[in-house]
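Okay, so the sequence shown: first residue is 494 according to our numbering, each after it adds one. Beta carbons are placed, not taken as given, at the ideal position from N, Cα and C, and that holds for glycine. Reading through the structure tokens given below for one structure.
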Amino acid sequence: MTEKKKRIENKRYLLPVYILLLFIMFILPYYSAEEYSILKNTTSQLGAQHAPNAWIMNITFCLLGIACMLEAWIYLKTFWVHKILLTIFGTGLILTAVFRHEPIIEGIPYNDFESALHSLFATIVGFSFTLFAISAAFIEKRNSKKLLAVLVGLIATGLSVLMITVTDYTGIWQRLIFIISFAWLMLFFEGLKNRNTIDISTTH
Numbered sequence: 494m495t496e497k498k499k500r501i502e503n504k505r506y507l508l509p510v511y512i513l514l515l516f517i518m519f520i521l522p523y524y525s526a527e528e529y530s531i532l533k534n535t536t537s538q539l540g541a542q543h544a545p546n547a548w549i550m551n552i553t554f555c556l557l558g559i560a561c562m563l564e565a566w567i568y569l570k571t572f573w574v575h576k577i578l579l580t581i582f583g584t585g586l587i588l589t590a591v592f593r594h595e596p597i598i599e600g601i602p603y604n605d606f607e608s609a610l611h612s613l614f615a616t617i618v619g620f621s622f623t624l625f626a627i628s629a630a631f632i633e634k635r636n637s638k639k640l641l642a643v644l645v646g647l648i649a650t651g652l653s654v655l656m657i658t659v660t661d662y663t664g665i666w667q668r669l670i671f672i673i674s675f676a677w678l679m680l681f682f683e684g685l686k687n688r689n690t691i692d693i694s695t696t697h
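Dropping the structure here:
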């Protein structure tokens, strides 16, 4: 392995963006629309059309998508199905930033087609992550990690259902999805990195 390739593989792309996401999710609401509520409103609505400082949330979505795809292509190696799922997931995140949610302020004119595209790509993000998490169980070697992968997929699905059914806390459910999903994804990548390092050392 070349020195340049080692440096690329040793970098943590997702971790700094995850930390940024945590700050943005809980601080940006205080600099968004007055009507915005952390309890009821989603991160998509932080990046909505005509929302104050929406660009901050949307750049964060883009960075998350890019970081996920980078680490997927670095660590997943020959697991092509999983690479494709995370590429769809990352691309979907980027496109939710390009095509923005409708405003939370009533009476403001907005692009309805753009909002519909945002909803479509947000749905794709949710489905692709759930499929990835459950399918990750098939490439994990330890039973505890297999169980964790499936559990994360089920938790993400359950919280998504709560977003629709218990709407007074939609913002909380969605933030929990982000916190749990990306924390697990970083642990998953770390496990793959360690496994790849062991495989390389045993071949020399």
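Should residue i go down as buried or exposed, given a rule of 16 or more other Cβ atoms within 10 Å for buried?
i	result
R635	exposed
I632	buried
G600	exposed
A609	exposed
I670	buried
L532	exposed
T623	buried
P596	buried
W573	exposed
Per DSSP, what kind of secondary structure is residue i in: helix, strand or coil?
i	result
W677	helix
P509	helix
F631	coil
Q542	coil
R593	coil
I587	helix
P602	coil
E683	helix
N636	helix
L569	coil
I526	Rather than Ile, the amino acid found at residue 526 in this sequence is Ala. Coil.
N551	helix
L647	helix
T536	helix
V659	coil
K576	helix
H697	Only weak support exists for where H697 lies, its pLDDT of 45 falling under 50; the value from the coordinates is given anyway. Correct three-state label for H697: coil.
Report yes if the CB atom of residue i is closer than 8 Å to the CB atom of residue j, and no otherwise.
i	j	result
F625	L578	yes
Y568	K686	yes
T663	T584	no
V591	L557	no
T589	F614	yes
K639	G684	no
V645	I617	no
A630	A642	yes
F675	E564	no
T553	L513	yes
How many whole angstroms separate the CB atoms of residue i and residue j, which I take to be in contact at a CB cut-off of 8 Å?
i	j	result
R593	G651	R593 to G651, Cβ: 27 Å. No contact.
I517	M550	6 Å
E607	Q542	7 Å
I598	E528	6 Å
P545	S525	5 Å
Q667	M656	6 Å
S628	H575	6 Å
A560	L507	4 Å
Any beta-carbon of chain B closer than 8 Å to the one on residue i?
i	result
I517	The chain labelled as chain B is not found in the depicted structure, where only one protein chain is given.
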